[in-house]
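Enquirer:
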Amino acid sequence: MGEINVQELVEPSRVHRRVYTDPAIFALEMDRIFGKAWLYLGHESQVRQRGDFFVTLLGRENVIVTRHSDGSVRAFHNRCPHRGALVCADRKGNTPRFVCPYHAWTFGTDGRLIGVPHRQGYEQGFKDRMGDLGLEPIARLDGYRGFLFGSLAAEGQSLFDFLGDDVRAAFDNFVDRAPDGDLEISEGKLVQTFNANWKFQIENSIDLVHPPILHSNAVQVSREFLEGSEPDQPVPTAVDIFRSNGLAFEEWDEVRQYALANGHCYMKGFLQKADESDAAPDDDSRFGSDDQMQFEGQLAYKQALIARHGREKTEEILAFDRHNTIVYPNLFINPRLQQIRVLQPTAADRTEQHCYVFGLRGAPPAALHAAVAFLTAANSPASIVTTDDHEVFERIQAGLASGDRDWLDLTRGVGREVRTPTGLQAVGTSELVMRNQHLAWKNYMVAAA
Ligand code: FES
Ligand SMILES: [Fe+2]
Numbered sequence: 000m001g002e003i004n005v006q007e008l009v010e011p012s013r014v015h016r017r018v019y020t021d022p023a024i025f026a027l028e029m030d031r032i033f034g035k036a037w038l039y040l041g042h043e044s045q046v047r048q049r050g051d052f053f054v055t056l057l058g059r060e061n062v063i064v065t066r067h068s069d070g071s072v073r074a075f076h077n078r079c080p081h082r083g084a085l086v087c088a089d090r091k092g093n094t095p096r097f098v099c100p101y102h103a104w105t106f107g108t109d110g111r112l113i114g115v116p117h118r119q120g121y122e123q124g125f126k127d128r129m130g131d132l133g134l135e136p137i138a139r140l141d142g143y144r145g146f147l148f149g150s151l152a153a154e155g156q157s158l159f160d161f162l163g164d165d166v167r168a169a170f171d172n173f174v175d176r177a178p179d180g181d182l183e184i185s186e187g188k189l190v191q192t193f194n195a196n197w198k199f200q201i202e203n204s205i206d207l208v209h210p211p212i213l214h215s216n217a218v219q220v221s222r223e224f225l226e227g228s229e230p231d232q233p234v235p236t237a238v239d240i241f242r243s244n245g246l247a248f249e250e251w252d253e254v255r256q257y258a259l260a261n262g263h264c265y266m267k268g269f270l271q272k273a274d275e276s277d278a279a280p281d282d283d284s285r286f287g288s289d290d291q292m293q294f295e296g297q298l299a300y301k302q303a304l305i306a307r308h309g310r311e312k313t314e315e316i317l318a319f320d321r322h323n324t325i326v327y328p329n330l331f332i333n334p335r336l337q338q339i340r341v342l343q344p345t346a347a348d349r350t351e352q353h354c355y356v357f358g359l360r361g362a363p364p365a366a367l368h369a370a371v372a373f374l375t376a377a378n379s380p381a382s383i384v385t386t387d388d389h390e391v392f393e394r395i396q397a398g399l400a401s402g403d404r405d406w407l408d409l410t411r412g413v414g415r416e417v418r419t420p421t422g423l424q425a426v427g428t429s430e431l432v433m434r435n436q437h438l439a440w441k442n443y444m445v446a447a448a
C-alpha cells in the first residue's frame, strides 16, 4: 500500500478504486467523515420517559442515549471511566442509573459518578476527583423535529445548518404527516448486511439508470401481479414502486435530482410517476391524486390532517414528492413511506443497513401496517429489489480487485446541471449527485488532514 494522498483519489468526474477498497482509506473515513459529520442517533420517541435509554453506534463508537430526570436528552460514550468496560450491555430500557458490570461504578442518567464500591480503598481526595470520573458526553448532541443527531467533533456547523433547508423540509414533511404532530418509531428494525463498501449504497439509491436493468425481475413480477388483479383491487405500494422501476429512460429523465451542500441530495417526481398510471384524478379514496400509500381509513386520516393543518396545507403535505432524501454520509429519509435507513459501515468491504419505520401519531393503525409491508418488500432480506442491489455491490467490490485500471467513471450528465438557490439540479439519469457526494468526501478527507 502506497502513501495516501486523498486529494488525488477523487477528480470532478472520476473516482479511484482505492476509495472503495483500501482499508487504510476506510480508517481515515471513519476518522474524518464519520468522526466529524452530524450522524443520526435515534428518535426522541425512544426516550419519551425519564430514564428511558437506548444504545447505538455513532460512527464506530458505542453510545448511550438517555433522558435525564430533568427532562433533557443526554448522550454518553458507553465506556466506564474506571477501566474501560462497556457500561450498558442492554440495547434499550428504562433505568434511574447505569451500573458498570465489572466493579459496579454507578452513574446517574446525567452521567455523573454517584457510587463507587469500597470507597475506603481510595485516597482522601478521591471524592473531589469523582466530578471528573463521570461518563464522557459525546462532543455534540442536537435534534431536529424529534430526530436526534450526534457529532464526535466539538467544532463545526450547527445541525440546523448542516442539514440545510432542503433536507430539513423532508423532516418537516415527515412530522407534518402525523395528525397529532408527532412520530413514534416502531419496535424492531430490518438489518441487511452486504460485503461491499458503504458508498455503493448512497450512490445507488439515486442512480436512476440501473432500476429498469438490474431490477427487471421485480418489474416483471409487478406487471404480472397487476395483470392478474381486478381493476378496482387496491395496488400495494410495493407493486406501484417496483413496477415504476421499469420506467423508460426518457421518463426517468423527467424525474429531477438535486445535489446539495455537504453531499446531501434528493430526487423529486418519482412518486408521482409511480402513481399516475392508476390514480383517477377525482378518486377521493387516495390522498389527493398522487399519493400511493394505501390503507384503510385514509379518508379519516386526511380529515384529521385537514383539522390540524387546513385543506390547502394538507394537500401540500400529501403532495410532497420526495424519494430518498440522502443526508451524507449515511442517512436516507422517505417521509411518505414512513421510513428511514441508516448505513453502518464496519469495514471497507462490509456494510450494515438498518431500516426503521415510524408511526404517524393520530393516523389509523393500517397506515403503519402499510409502511411495514412496504419496508419488508423493499428493504428486507426477503426483498426482490435490494437483494439485487446488494448482489451488484458485492460484484463491484470483487470486480475492482481485477485489472490495472484504477478509475471509475462518473461522467453521465456532466455539464448539463442547472444551478438552483440551494445547489445543482439535473435530470434523473445524470450522475450529478454521485459527483457531489465524492466532492463532499474529498472536502471532509482533505480538510481534516
Ligand atoms: S471497569 Fe467499570 S467499574 Fe471497573
Ligand atoms: Fe436498486
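Residues in the sequence shown are numbered from 0 upward in steps of one, following numbering that gives the first Met the number 0.
Every residue, glycine too, gets a C-beta built ideally from N, C-alpha and C.
1) So which residues touch the region around ligand 1, with touch meaning a C-beta under 5 Å from any heavy atom?
2) Cutting at 6 Å between CB atoms, please list the residues of its own chain near S379, excluding the five before and the five after it.
3) Helix, strand or coil, according to DSSP, for K267 in the structure here?
4) Is it the case that the Cβ atoms of L453 and G34 are separated by a distance below 8 Å?
5) Can you tell me where the beta strand (DSSP E) with I184 in it begins and where it stops?
6) Alpha carbon to alpha carbon, how far is T385 from D179?
7) Determine the contact status of I316 and R176, defining contact as a CB-CB distance below 8 Å.
8) Following the continuous beta strand (DSSP E) through D408, name the residue where it begins and the one where it ends.
9) Residues in its own chain within less than 8 Å of L259 by CB, not counting five upstream and five downstream?
10) Between I107 and R96, which are expected to be in contact by the criterion C-beta below 8 Å, what is the C-beta distance as a whole number of angstroms?
11) Indicate the three-state DSSP secondary structure (helix, strand or coil) for G358 in the structure shown.
12) To the nearest angstrom, report how far apart P116 and K126 are at their CA atoms.
13) The beta strand (DSSP E) with S150 in it runs from where to where?
14) Could you check how far apart the C-beta atoms of P210 and L134 are, in whole angstroms? I think they sit under 8 Å.
15) Return the CA-CA distance between D231 and D239, expressed in angstroms with no decimal places.
16) Examine ligand 2 and report whether any of its heavy atoms sits within less than 7 Å of the Cβ of N378.
17) Could you tell me which of R360, G268 and Q123 sits nearest to R307, measuring between CA atoms?
18) Along the chain, where does the beta strand (DSSP E) that runs through A258 open and close?
19) So, helix, strand or coil for D290, using DSSP?
20) Figure out for me which residue from P136, L140, T94 and V391 has the closest Cα to the Cα of F452.
21) Of the residues S157, F146, G130 and G41, which one's Cα is nearest the Cα of R139?
22) P280: buried (16+ other C-beta within 10 angstroms of its C-beta) or exposed?
23) With a threshold of 7 Å, establish whether the CB of D388 neighbours any heavy atom of ligand 2.
24) For T94, does the three-state DSSP call read helix, strand or coil?
25) I'd like to check one pair, L27 with L57: are the Cβ atoms closer than 8 Å?
26) Relative to the C-alpha of A369, which residue among W440, E295 and S429 is closest?
27) Which whole-angstrom value describes the C-beta separation of T419 and A169, a residue pair presumed to lie in contact below a C-beta threshold of 8 Å?
28) Between which two residues does the alpha helix (DSSP H) holding P210 run?
29) Residues bridged to D51 by DSSP?
30) Quick one: is Y101 buried, meaning 16 or more other Cβ sit within 10 Å of its Cβ, or exposed?
31) What are the boundary residues of the beta strand (DSSP E) that includes A346?
32) List the endpoints of the continuous alpha helix (DSSP H) containing V166.
33) So if DSSP puts E390 in a beta bridge, which residue, or which two residues, is it bridged to?
34) For ligand 3, is there a heavy atom less than 7 Å away from the beta-carbon of S68?
Expert: The relevant details are as follows:
1) Counting every residue whose Cβ lies closer than 5 Å to a heavy atom of ligand 1, we get C79, H81, R82, A84, C99, Y101, H102 and W104.
2) Along the sequence shown, one-based indexing puts residue 379 at 380. L189.
3) As a working mapping, residue 267 is identified with position 268 in the sequence shown. The answer is strand: DSSP assigns K267 an E or B state.
4) Residue 453 lies beyond the residue range present for the chain, which begins at 0 and ends at 448; the question has no answer from this structure.
5) In the sequence shown, counting from the first residue as 1, residue 184 sits at position 185. Counting along the chain, the beta strand (DSSP E) containing I184 begins and ends at L182 to I184.
6) Position 386 of the sequence shown, counted from the start, is the residue given in the question as residue 385. Position 180 of the sequence shown, counted from the start, is the residue given in the question as residue 179. So the alpha carbons of these two residues sit roughly 33 Å apart.
7) On the sequence shown, position 317 is the one that residue 316 refers to. On the sequence shown, position 177 is the one that residue 176 refers to. In contact: I316 and R176 (Cβ atoms closer than 8 Å).
8) Within the sequence shown, the letter at position 409 stands for residue 408. Note, D408: beta strand (DSSP E), W406 to D408.
9) The residue labelled residue 259 in the question sits at position 260 within the sequence shown. Hits under 8 Å: G163, D165, V166, Y265, T421, G422 and N435.
10) Here residue 107 refers to the residue found at position 108 when the sequence shown is read from its first residue. Here residue 96 refers to the residue found at position 97 when the sequence shown is read from its first residue. Inspection of the sequence shows that residue 107 is occupied by Gly rather than by Ile. 6 Å between Cβ atoms; contact.
11) Locating residue 358 in the sequence shown gives position 359, where the first residue counts as 1. G358 falls in the strand class under three-state DSSP.
12) As a working mapping, residue 116 is identified with position 117 in the sequence shown. As a working mapping, residue 126 is identified with position 127 in the sequence shown. Their Cα atoms are separated by approximately 13 Å.
13) Position 151 of the sequence shown, counting from 1, holds the residue named residue 150. Run containing S150: F146 to S150, per the beta strand (DSSP E) assignment.
14) As a first step, residue 210 is located in the sequence shown; it is residue number 211 there, counting from the start. As a first step, residue 134 is located in the sequence shown; it is residue number 135 there, counting from the start. Between L134 and P210 the Cβ distance is about 46 Å, and since that is not below 8 Å, they are no contact.
15) The sequence position of residue 231 within the sequence shown is 232, counting from 1. The sequence position of residue 239 within the sequence shown is 240, counting from 1. Their Cα atoms are separated by approximately 14 Å.
16) Along the sequence shown, read from residue 1 onward, the residue named residue 378 stands at position 379. N378 Cβ: outside cutoff for every heavy atom of ligand 2.
17) What you label residue 307 is simply residue 308 of the sequence shown in a count that begins at 1. Minimum Cα-Cα distance from R307 among the listed residues R360, G268 and Q123 corresponds to R360.
18) The count along the sequence shown starts at 1 and reaches residue 258 at position 259. R255 to L259 is the span of the beta strand (DSSP E), which, as asked, contains A258.
19) For the purposes of this step, residue 290 is taken as the residue at position 291 of the sequence shown. Its pLDDT being 43, under 50, D290 is placed unreliably by the model, and the measurement read from it follows with that caveat. Coil, per DSSP.
20) The requested residue 452 is not part of the displayed model; the chain covers only 0 to 448.
21) Walking along the sequence shown from the start, residue 139 turns up at place 140. Measuring from the Cα of R139, the nearest candidate turns out to be S157.
22) Here residue 280 corresponds to residue number 281 of the sequence shown, with the count starting at 1. Bear in mind that the predicted position of P280 carries a pLDDT of just 36, short of 50, making it unreliable; the figure below should be weighed with that in mind. Exposed.
23) On the sequence shown, residue 388 is found 389 positions in, with the first residue counted as 1. D388 Cβ: within cutoff of ligand 2.
24) For this step, residue 94 is matched to residue 95 along the sequence shown. Here T94 sits in coil by DSSP.
25) Here residue 57 refers to the residue found at position 58 when the sequence shown is read from its first residue. Here residue 27 refers to the residue found at position 28 when the sequence shown is read from its first residue. Contact flag unset, no.
26) As a working note, residue 369 is residue 370 in the sequence shown. Selected option, being the one with the closest Cα: E295.
27) On the sequence shown, residue 419 is found 420 positions in, with the first residue counted as 1. On the sequence shown, residue 169 is found 170 positions in, with the first residue counted as 1. T419 to A169, Cβ: 16 Å. No contact.
28) To locate residue 210, count along the sequence shown from 1; it is residue 211. Counting along the chain, the alpha helix (DSSP H) containing P210 begins and ends at P210 to L213.
29) Indexing the sequence shown from 1 puts residue 51 at position 52. Answer by DSSP bridge pairing, in chain order: N93.
30) Indexing the sequence shown from 1 puts residue 101 at position 102. Exposed.
31) Locating residue 346 in the sequence shown gives position 347, counting from the first residue. Looking at the DSSP string, the run of the beta strand (DSSP E) that includes A346 is Q338 to A346.
32) The residue given as residue 166 occupies position 167 in the sequence shown. Element bounds for V166: L158 to D175.
33) Counting from one through the sequence shown, the residue named residue 390 turns up at place 391. According to DSSP, which records beta bridges pairwise, E390 is partnered with nothing at all.
34) No copy of ligand 3 occurs in the structure displayed; its ligands are ligand 1 and ligand 2 alone.
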